[in-house]
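In mature numbering (1 follows the signal peptide of the UniProt record, and there is no 0), the protein residues as written are -16 to -1, 1 to 352.
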């Protein structure tokens, strides 16, 4: 009985208790003329937070719970890192953001969820007509409508054939890739330009100018164009100081390819180091808006994001097999001492107790 009590005290099991709340059903999204609203139906009165990923400290991008059964957040188009992406097929604009619902007021727990919400605003086609008298013999015209290419921006692991990634470490080799898909062959040309990277807090840096030329060779070199509708370049992962998230946004100009000719490409000089242009949020937004207005209908927006892990704090002088070991707590001891782990000490203690009880039982029976 004593042995059972000792074992139960040593190997006691503690059960963790999760937050007793959660999301019911799917989020409800309202696509407004100037903002997006997302509402969550929760199981119990909500006491946590709804916020845009990476912007927990910004009051305009976070709503705290008020013990209600519905938790929601409204995101303006021009704030809270809301991304706007122009599409040519279908023609319109995608507006998206990543929203996190957290049921603990201070921490992220296992019951919390993150959602990428997205609204599509389709461009309306207007048709005008008038009455016209024609002669008895008319010429018929047959027009074939060729759909515009659908483009995307990806960051791949290692090289052009790598898998798309969302997480990376500083210094890791990656490949920035822009591709456009179309149903026709030798019809369109694509040129990537006006690329910016920001941290989600309005700190934007231009890495490709409006001509498609690189500005900082340490961030991204001049692009290569393997095909008419593909561009790419190798790079190494970097990050803002004390910020892990990177948001990339570029523009792709689509043009008609002339018969028996090559697609026009940017004529760029070798980029210098530290030449990236840093812009404040209002200036960057105004500059991007001017570019969109001047670009016309044949320019679309593409975006991607990457979360970077911080620099490994390991000493280069350590042997390789010791750099990734867990931290050990050392206690001062002399040469004749013996160190035991907590588990081995508990096992030894139980064994000695059992032997002591057995010896006492044998001695008692022998004297009796």
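Where a beta carbon is used, it is the ideal one built from N, C-alpha and C, also for glycine. Quick caveat, the model's predicted, so the values are computed rather than measured.
For residue 58, which three-state DSSP category applies?
Here the question's residue 58 lines up with position 74 in the chain shown. Of the three classes helix, strand and coil, the one that applies to residue 58 here is strand, per DSSP.
Skipping 5 residues on each side, what residues in its chain have a beta carbon closer than 6 Å to that of residue 212?
Walking along the chain shown from the start, residue 212 turns up at place 228. Answer for residue 212: 173 and 247, listed in chain order.
Assign residue 194 to one of three DSSP states: helix, strand, or coil.
Position 210 of the chain shown holds residue 194. Residue 194 falls in the coil class under three-state DSSP.
Which first and last residues belong to the alpha helix (DSSP H) in which residue 349 is found?
By one-based count along the chain shown, residue 349 stands at place 365. For residue 349, the enclosing alpha helix (DSSP H) stretches over residues 326 to 351.
Can you give me the C-alpha to C-alpha distance between residue 9 and residue 25, rounded to a whole angstrom?
Looking up residue 9 in the chain shown gives position 25. Looking up residue 25 in the chain shown gives position 41. Using only the alpha carbons, I get a separation of about 7 Å.
Are the CB atoms of residue 6 and residue 82 within a distance shorter than 7 Å?
The count along the chain shown starts at 1 and reaches residue 82 at position 98. The count along the chain shown starts at 1 and reaches residue 6 at position 22. No, Cβ-Cβ distance for residue 82 and residue 6 is not below 7 Å.
Near residue 345, which residues of its chain fall below 7 Å by C-beta distance, leaving aside the five closest residues on each side in sequence?
Numbered from 1 along the chain shown, position 361 holds the residue referred to as residue 345. Excluding residues within five positions, none has a Cβ falling inside 7 Å.
Just reading off the beta strand (DSSP E) that residue 86 is part of, what are its end residues?
Within the chain shown, the letter at position 102 stands for residue 86. That run of the beta strand (DSSP E) goes 75 to 86.
Assign residue 285 to one of three DSSP states: helix, strand, or coil.
On the chain shown, residue 285 is found 301 positions in, with the first residue counted as 1. When DSSP states are grouped into helix, strand and coil, residue 285 belongs to the strand group.
Who are the near neighbours of residue 339 in its chain, counting only those whose CB is closer than 7 Å to its CB and skipping five residues on each side?
Position 355 of the chain shown, counting from 1, holds the residue named residue 339. The same chain holds no residue with a CB closer than 7 Å to that of residue 339 once the five nearest residues on each side in sequence are set aside.
With 16 other CB atoms within 10 Å as the buried threshold, where does residue 70 fall?
Position 86 of the chain shown, counted from the first residue, corresponds to residue 70. The residue in question, residue 70, is buried, as its Cβ has 16 or more Cβ neighbours within 10 Å.
Could you tell me whether the region 162 to 169 touches the region 223 to 232, using the rule of 3 or more Cβ pairs below 8 Å?
Flag = no, the region 162 to 169 and the region 223 to 232 do not touch.
Around the C-beta of residue 204, are 16 or more other C-beta atoms found within 10 angstroms, so that it is buried, or is it exposed?
Residue mapping note: residue 204 aligns to position 220 of the chain shown, counting from 1. Residue 204 should be labelled buried.
Could you check what DSSP says for residue 44 in three-state terms: helix, strand or coil?
As a working note, residue 44 is residue 60 in the chain shown. Helix at residue 44.
Can you find a C-beta in chain C that's less than 7 Å from the C-beta of residue 7?
Of the chains in the structure shown, none is chain C; there is only one protein chain.
Taking contact to mean 3 or more Cβ pairs, one atom from each stretch, closer than 8 Å, check whether the region 236 to 245 and the region 281 to 290 are in contact.
Yes, since at least three Cβ pairs between the region 236 to 245 and the region 281 to 290 fall closer than 8 Å, the two stretches touch.
Which term fits residue 133, buried or exposed, when burial requires 16 or more other beta carbons within 10 angstroms of its beta carbon?
For the purposes of this step, residue 133 is identified with residue 149 of the chain shown, where counting begins at 1. Around the beta-carbon of residue 133, 16 or more other beta-carbon atoms lie within 10 Å, marking it buried.
Is the beta carbon of residue 103 closer than 7 Å to that of residue 20?
As a working mapping, residue 20 is identified with position 36 in the chain shown. As a working mapping, residue 103 is identified with position 119 in the chain shown. Yes, the pair counts as a contact, with Cβ atoms nearer than the cut-off.
Selected residue, minimal CA-CA separation from residue 55, among 197, 3 and 27:
Within the chain shown, the letter at position 71 stands for residue 55. Nearest of 197, 3 and 27 to residue 55, Cα basis: 27.
Beta carbon of residue 31 nearer than 7 Å to that of residue 23
Reading the chain shown from its first residue, position 47 is the one you call residue 31. Reading the chain shown from its first residue, position 39 is the one you call residue 23. No, the Cβ-Cβ distance between residue 31 and residue 23 is not below 7 Å.
If the criterion is Cβ atoms closer than 7 Å, does the pair residue 231 and residue 155 meet it?
In the chain shown, residue 231 corresponds to position 247, counting from 1. In the chain shown, residue 155 corresponds to position 171, counting from 1. For residue 231 and residue 155, no; Cβs fall outside 7 Å.
Between 85, 29 and 67, which has its C-alpha nearest residue 40's C-alpha?
Here residue 40 is taken as the residue at index 56 of the chain shown, counted from 1. If we check each option's Cα against that of residue 40, 85 comes out closest.
List the endpoints of the continuous beta strand (DSSP E) containing residue 67.
As a first step, residue 67 is located in the chain shown; it is residue number 83 there, counting from the start. Per DSSP, residue 67 belongs to the beta strand (DSSP E) from 67 to 72.
I'd like the list of long-range same chain contacts for residue 34, defined as Cβ closer than 6 Å, with 5 residues on each side in sequence excluded.
Here residue 34 is taken as the residue at index 50 of the chain shown, counted from 1. Beyond the five residues adjoining it in sequence on each side, residue 34 comes within less than 6 Å, by CB distance, of 47, 55, 57 and 85 in the same chain, given in chain order.
Between the C-alpha atoms of residue 188 and residue 179, what's the straight-line distance to the nearest angstrom?
Indexing the chain shown from 1 puts residue 188 at position 204. Indexing the chain shown from 1 puts residue 179 at position 195. Approximately 10 Å between the Cα atoms of the pair.
Which residue's Cα is closest to the Cα of residue 50: 89, 171 and 38?
By 1-based counting over the chain shown, the position of residue 50 is 66. Comparing Cα-Cα distances from residue 50 to each of 89, 171 and 38, the minimum goes to 89.
With a CB to CB cut of under 7 Å and the five nearest residues on each side skipped, what residues in its chain are close to residue 259?
Translated into the one-based positions of the chain shown, residue 259 becomes position 275. Scanning its chain for C-beta atoms nearer than 7 Å, with the 5 sequence neighbours on each side dropped, one finds around residue 259 the residues 199 and 200, in chain order.
Which same chain residues end up closer than 6 Å to residue 105 when comparing Cβ atoms and leaving out the 5 residues on each side of it in sequence?
Indexing the chain shown from 1 puts residue 105 at position 121. Closer than 6 Å at the Cβ level, and outside the excluded window around residue 105, lie 76 and 77.
Would residue 250 and residue 196 qualify as a contact pair, given that the criterion is a beta-carbon distance under 7 Å?
As a position in the chain shown, residue 250 is number 266, starting the count at 1. As a position in the chain shown, residue 196 is number 212, starting the count at 1. A contact, by the Cβ cut-off of 7 Å.
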